[in-house]
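Heads up: the structure comes next, in structure tokens.
Numbering (the numbering used here), first residue to last: 44 to 123.
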């Protein structure tokens with residue numbers, strides 16, 4: 044069973060000049076979740092819609108390699 048216990052967490056936020064968008068970088072570690080599972084859960088836009096109440100839209104643009112892709116995610120939630 045996955046408990047999603049945070050080992051560490053760092054959130055960095057950067058405003059984009061002349062734009063209402065912001066860039067987020069979130070770093071964290073879990074004691075009981077493998078890197079492969081975390082990647083699959085976060086990067087599958089179709090599965091993400093089943094557990095993320097804030098996602099408005101998400102889709103893959105292209106897959107670069109087996110563990111690297113470019114995707115689009117729109118969310119109604121923003122860290123303040």
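Backbone N, C-alpha and C define an ideal beta-carbon position, used for all residues, glycine too.
Inter-residue CB distance, residue 102 and residue 115 (contact presumed, cutoff 8 Å): The residue labelled residue 102 in the question sits at position 59 within the chain shown. The residue labelled residue 115 in the question sits at position 72 within the chain shown. Contact holds; Cβ gap of about 6 Å.
Where the alpha helix (DSSP H) through residue 115 begins and ends: In the chain shown, the residue the question calls residue 115 occupies position 72. Element bounds for residue 115: not the alpha helix (DSSP H) but the beta strand (DSSP E), 111-118.
C-beta neighbour in chain C for residue 89, strict 8 Å: The chain inventory of the structure shown lacks chain C, comprising one protein chain alone.
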